[in-house]
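Enquirer:
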Amino acid sequence: MAKKEIKKNHQEMTLMQGNEAIARGALTAGLNFYAGYPITPSTEIAEILSAELPKRGGVFIQMEDEIAGISAVIGASLAGAKAMTATSGPGFSLMLEGIGFAKMAETPCVVVNVMRGGPSTGLPTSPSQSDIMQSRWGNHGDAPAIVLYPNSVKESFELTIRAINLAEKYRTCVVLLTDEVLAHMREMVELPDFKNIRIIDRIKPTIPPEWYRHYDENPKYRTPLASYGEGYRFHVTGLAHDLYGFPTNKADEIEIMMKRLRKKITHHIKDLVQIESFRMEDATTAIFAAGITSRAAKAAVKLARKSGKRVGLLRPLTIWPFPDEAVRKLLGSKKTVIVPELNQGQLSLEVKRVLGGIWNYENRKTRKIIEVRKTNGELITPVEILNAIKEVK
Amino acid sequence: MAKIPQKIIHNYLRHRKQFPHVWCPGCSNGIILGAIIRAIDELKYERDDVAMISGIGCSSRMPVYVDFNTLHTLHGRALAYATGVKMFKPEMKVIVITGDGDATAIGGNHFIHACRRNIDLTTIVVNNNIYGMTGGQYSPTTPTGDIATTSPYGNIDPVFDICKLALGAGATFVARTTAYHVIEAQSFIKQALEHKGFSIVEIMSACPVIYGRLNKKGDAPAMMREMKENALPLEKFDELAPEEKQGKYIRGIFKQEIFPEYTEKYAELVASLQRE
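Okay, here's the thing in structure tokens:
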């Protein structure tokens, strides 16, 4: 009897590709607008949504370039849409001015970046993790970022929903990173029951239009958001603006705006940061890995454990804001931290920043961070991580 | 107490927005904004249904002053943002304010593709032949030979004819007038707003403080006079001998054509899929 009930709460197993999971997740979250430009290895997302969105009364439009893609997404979001676009590194670079605008104008939207090898055109059909820093620091000006990174097809589905939810909740551009292998591999997926999935919509104003301020003060930094055509007739600009959205050069008004952009992220770290901890309790060596590389890392932990090595894995599902507290608490006491990644040391730079701040003079001598890097278009294998573990004395 | 006479534009200006505006003395932007407002007033559009979207530049500062749904976007991108708004809310009247550099240099790609789609946006291109906001660099419409701060020896670039560009790219309503011909401008804007499809009205504007000063065009009235004399209706332009055409240009409606509109085509697609 109990068994049957558990089965009821789940859907059937489906063989699904990573990009398909993103498209399905987005639709589940209520996506009703997609604008984008084709780029390998993200294109399947656009292809699936071009077939699905019109059937549901949503909008799909292929724009003339990525800049137009993100621009149309922001325009639609201001008109009330749940809007998304998907791209890869080169297209993401083009979208950055729009991503900065969405953050500045506090307009919800989601950008999926399926990472491929770079720099430049690089390796269109090979994976990389080289946009970790671009997704945080890429847009000009100073604004925090929310960036998520799954490590399986099922999680691609889940984190896409979460990305859209967070964008609506915090009125900002949320980036979902994946990589070429995650995007194109197929896995058996048991999707959660749709009834149990929590969908978050933006808060709508309930006050009369003449009282409405588009960027109103709010103790929780969650300001209601009206849409065009609803009677509120607000102004939106990429210029520094006051609470109404009108351009300003006044330092005190700019101060309030910049504080709100920062605080709405830092005030909600607990809600934003997600990590997975695997066999960390008794570990003396810890691996810190995200996305596709964390799968090899997990396999390496299992192999190392078999030969008696006490190794664990810490995996961030939220890359930005960076899980400082988890790194401090879970990695701070470890003798060795191994950071494998498909770039020239982007995550490890953050790990060094956090641990460097808590290691004292004595610790520095006995503790170390081992970097396992690969940028040739191939994945890091469990054996390569295992070799790094073996180096640890 | 005598009643203070109210002008139509006062009903549409934002009382909360602090004036004065950013424009220089003698700039045509105010005249053009007035023409846009009066055209909207004549059509009796509900303010809630009107979205005014602009890029970056002097003319792109227009939306902040008017009481519509307004969006001041990034340099060149106004048409792409407007496409997003229009696709999601096709019932809205979407007006795009852009300049010569904004529309045809940095936004050239968005411009030709919006024309090609024939999406129902009304685009006002305010052409002052220069980048005014950044202090007078040459734009794609700065006449060859003219002085700009980045062409101190005279501009060697050939110029874009914005209307021909729009015609070639597939816009279905294309017109040009000047800020001097303000009644005509208001009429063209009104017809453009009523047109179903992508409409563009290029309005020549005077920039006496920057373009005028660099090229010794005289003060604002002198530049207005020049527009009065140089912008000719097609019939008058055709009567001129080739050597007399130098420096003159045509004003009028170049094209007004019925062609399937993009959001309507999309709505048909959605309806046909949902019938299945």
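Order-wise, the sequence lines are chains A and B.
No gaps in the numbering here: position 8 of the first sequence is 8 in the working numbering, and each next residue is one more.
Convert by adding 1000 to the 1-based position in the second sequence; the result is the number in the working numbering.
Just so it is clear, CB atoms sit at the ideal spot from N, CA and C, and this is done for glycine as well.
#1: With distances taken between CB atoms, is the gap from F1188 of chain B to T1177 of chain B smaller than 8 Å?
#2: Measure the beta-carbon distance from S1060 of chain B to T1098 of chain B and round it to whole angstroms, keeping in mind my assumption that it falls under 8 Å.
#3: Pick out whichever of B:V1066, B:P1208, B:T1123 has its Cα sitting closest to the Cα of H1010 of chain B.
#4: Going by C-alpha to C-alpha distance, which of A:K195, A:A226, A:L182, A:E210 sits closest to E44 of chain A?
#5: Please list, in chain order, all residues of the same chain as V1174 of chain B whose beta carbon is under 7 Å from its beta carbon, the five residues on each side excluded.
#6: Does the distance from the CB of I132 of chain A to the CB of I389 of chain A come in under 8 Å?
#7: So, at 6 Å on beta carbons, what are the nonlocal neighbours of I1031 of chain B in its own chain, with the 5 sequence-adjacent residues on each side left out?
#8: CB V73 of chain A to CB L176 of chain A, shorter than 8 Å?
#9: Report the rounded CA-to-CA distance for M185 of chain A versus R295 of chain A, giving the unit in angstroms.
#10: Answer yes or no: does any C-beta atom of chain B fall closer than 8 Å to that of G36 of chain A?
#11: Comparing the C-beta of Y1045 of chain B with each C-beta of chain A, is any distance below 8 Å?
#12: Give the range of the beta strand (DSSP E) segment to which K123 of chain A is assigned.
#13: So is Q346 of chain A buried or exposed if we call it buried at 16+ other beta carbons inside 10 Å?
#14: Could you check whether the Cβ of M1087 of chain B sits closer than 8 Å to any Cβ belonging to chain A?
#15: By the DSSP assignment, the beta strand (DSSP E) with H1072 of chain B in it spans what residues?
#16: Buried or exposed: N1128 of chain B, going by 16 or more other Cβ atoms within 10 Å of its Cβ?
#17: Using the C-alpha atoms, what's the distance from V273 of chain A back to I385 of chain A?
#18: Mind checking who M95 of chain A pairs with in its DSSP beta bridge?
#19: In whole angstroms, what separates the C-alpha of L225 of chain A from that of M13 of chain A?
#20: Judging by CA-CA distance, which residue of A:R373, A:P208, A:L78, A:P150 is the nearest neighbour of I275 of chain A?
#21: Can you tell me where the beta strand (DSSP E) with H235 of chain A in it begins and where it stops?
#22: In whole angstroms, give me the CA-to-CA distance for I6 of chain A and D193 of chain A.
#23: Quick one: give me the first and last residue of the alpha helix (DSSP H) that D963 of chain B is part of.
#24: For P41 of chain A and G89 of chain A, I'd like the C-alpha separation in whole angstroms.
#25: Over the uninterrupted beta strand (DSSP E) stretch that includes T266 of chain A, give me the two end residues.
#26: Are the CB atoms of V1094 of chain B and A1078 of chain B within a distance shorter than 8 Å?
#27: Quick one: Cα of A299 of chain A to Cα of A326 of chain A, how far?
#28: Going by DSSP, which residues form a beta bridge with C109 of chain A?
#29: Determine which residues of the stretch 62-87 of chain A have a Cβ less than 7 Å from any Cβ of chain B, and write them out in chain order.
#30: Of the residues A:K374, A:D242, A:K368, A:D271, which one's Cα is nearest the Cα of V1064 of chain B?
#31: At the level of alpha carbons, what is the spacing between T1141 of chain B and Y1131 of chain B?
#32: If you follow the beta strand (DSSP E) that A35 of chain A is part of, which residue opens it and which one closes it?
#33: According to DSSP, is S152 of chain A helix, strand or coil?
#34: I'd like to know whether the C-beta atoms of S77 of chain A and P108 of chain A end up nearer to each other than 8 Å.
#35: Can you tell me which residues form a DSSP beta bridge with T1098 of chain B?
#36: Between the Cα of M1204 of chain B and the Cα atoms of B:Y1249, B:F1019, B:L1240, which residue gives the shortest distance?
Expert: Put simply:
#1: What you label residue 1188 of chain B is simply residue 188 of the second sequence in a count that begins at 1. What you label residue 1177 of chain B is simply residue 177 of the second sequence in a count that begins at 1. Yes; because the gap between Cβ atoms is below 8 Å, this pair is in contact.
#2: Your numbering for residue 1060 of chain B matches position 60 in the second sequence. Your numbering for residue 1098 of chain B matches position 98 in the second sequence. Rounded, the Cβ-Cβ distance is 7 Å, consistent with contact.
#3: Your numbering for residue 1010 of chain B matches position 10 in the second sequence. With distances taken between Cα atoms, H1010 of chain B lies closest to B:V1066.
#4: Position 44 of the first sequence, counted from the first residue, corresponds to residue 44 of chain A. When each option's Cα is compared against that of E44 of chain A, the closest is A:L182.
#5: As a position in the second sequence, residue 1174 of chain B is number 174, starting the count at 1. Result list for V1174 of chain B: C1163, A1166, L1167, I1200, F1254, K1255, in chain order.
#6: Counting from 1 along the first sequence, the entry for residue 132 of chain A is found at position 132. Counting from 1 along the first sequence, the entry for residue 389 of chain A is found at position 389. The answer is no: Cβ separation not under 8 Å.
#7: To locate residue 1031 of chain B, count along the second sequence from 1; it is residue 31. Around I1031 of chain B: A1179, V1182.
#8: The residue given as residue 73 of chain A occupies position 73 in the first sequence. The residue given as residue 176 of chain A occupies position 176 in the first sequence. No.
#9: Position 185 of the first sequence holds residue 185 of chain A. Position 295 of the first sequence holds residue 295 of chain A. Answer to the nearest angstrom: the Cα atoms are 13 Å apart.
#10: Here residue 36 of chain A corresponds to residue number 36 of the first sequence, with the count starting at 1. Answer no: the Cβ-Cβ gap between G36 of chain A and chain B never drops below 8 Å.
#11: Counting from one through the second sequence, the residue named residue 1045 of chain B turns up at place 45. No, Y1045 of chain B does not count as interfacial toward chain A.
#12: Position 123 of the first sequence holds residue 123 of chain A. A quick correction: the sequence has Leu, not Lys, at residue 123 of chain A. Where L123 of chain A is concerned, the enclosing beta strand (DSSP E) stretches over 123-127.
#13: Here residue 346 of chain A refers to the residue found at position 346 when the first sequence is read from its first residue. Per the 10 Å Cβ criterion, buried.
#14: Here residue 1087 of chain B refers to the residue found at position 87 when the second sequence is read from its first residue. It does: the Cβ of M1087 of chain B has a partner Cβ on chain A nearer than 8 Å.
#15: For this step, residue 1072 of chain B is matched to residue 72 along the second sequence. Unbroken beta strand (DSSP E) run through H1072 of chain B: 1069-1072.
#16: Here residue 1128 of chain B refers to the residue found at position 128 of the second sequence. Looking at its Cβ environment, which holds 16 or more other Cβ atoms inside 10 Å, N1128 of chain B is buried.
#17: Position 385 of the first sequence, counted from the first residue, corresponds to residue 385 of chain A. Position 273 of the first sequence, counted from the first residue, corresponds to residue 273 of chain A. Approximately 26 Å between the Cα atoms of the pair.
#18: The sequence position of residue 95 of chain A within the first sequence is 95, counting from 1. According to DSSP, M95 of chain A bridges with nothing at all.
#19: Here residue 225 of chain A corresponds to residue number 225 of the first sequence, with the count starting at 1. Here residue 13 of chain A corresponds to residue number 13 of the first sequence, with the count starting at 1. Those two C-alpha atoms are separated by around 38 Å.
#20: The sequence position of residue 275 of chain A within the first sequence is 275, counting from 1. When only C-alpha atoms are compared, the closest one is A:P150.
#21: Start at 1 with the first residue of the first sequence, and residue 235 of chain A comes out as number 235. Here the beta strand (DSSP E) through H235 of chain A covers 235-237.
#22: Position 6 of the first sequence, counting from 1, holds the residue named residue 6 of chain A. Position 193 of the first sequence, counting from 1, holds the residue named residue 193 of chain A. Any reading at I6 of chain A must be qualified, since the residue scores a pLDDT of 48, below 50, and its modelled position is unreliable; the value itself is stated next. Approximately 11 Å, taken between the alpha carbons.
#23: Since the first residue shown for chain B is 1001 and the last is 1276, residue 963 of chain B is missing from the structure and cannot be characterised.
#24: As a position in the first sequence, residue 41 of chain A is number 41, starting the count at 1. As a position in the first sequence, residue 89 of chain A is number 89, starting the count at 1. The straight-line gap from Cα to Cα measures roughly 10 Å.
#25: As a first step, residue 266 of chain A must be located in the first sequence, where it is residue number 266. Per DSSP, T266 of chain A belongs to no beta strand (DSSP E); it is in the alpha helix (DSSP H), 251-266.
#26: Taking the second sequence and counting its residues from 1, the one referred to as residue 1078 of chain B is at position 78. Taking the second sequence and counting its residues from 1, the one referred to as residue 1094 of chain B is at position 94. No; because the gap between Cβ atoms is not below 8 Å, this pair is not in contact.
#27: Taking the first sequence and counting its residues from 1, the one referred to as residue 299 of chain A is at position 299. Taking the first sequence and counting its residues from 1, the one referred to as residue 326 of chain A is at position 326. Rounded to whole angstroms, A299 of chain A to A326 of chain A spans 22 Å at the Cα level.
#28: Along the first sequence, one-based indexing puts residue 109 of chain A at 109. A:C173, per the DSSP bridge assignment.
#29: M63, E64, D65, I67, A68, S71, A72, V73, I74, G75, A76, L78, A79, G80, A81
#30: In the second sequence, the residue the question calls residue 1064 of chain B occupies position 64. Checked all of A:K374, A:D242, A:K368, A:D271; the closest Cα to V1064 of chain B is A:D242.
#31: Counting from one through the second sequence, the residue named residue 1141 of chain B turns up at place 141. Counting from one through the second sequence, the residue named residue 1131 of chain B turns up at place 131. Spanning the two alpha carbons is a distance of roughly 10 Å.
#32: Sequence index remark: in the first sequence, residue 35 of chain A carries index 35 (1-based). That run of the beta strand (DSSP E) goes 33-36.
#33: As a first step, residue 152 of chain A must be located in the first sequence, where it is residue number 152. The answer is coil: DSSP assigns S152 of chain A none of H, G, I, E or B.
#34: Along the first sequence, read from residue 1 onward, the residue named residue 77 of chain A stands at position 77. Along the first sequence, read from residue 1 onward, the residue named residue 108 of chain A stands at position 108. Yes, the pair counts as a contact, with Cβ atoms nearer than the cut-off.
#35: One-based indexing of the second sequence puts residue 1098 of chain B at position 98. DSSP lists B:V1125 as partners of T1098 of chain B.
#36: Working through the second sequence from its first residue, we reach residue 1204 of chain B at position 204. If we check each option's Cα against that of M1204 of chain B, B:Y1249 comes out closest.
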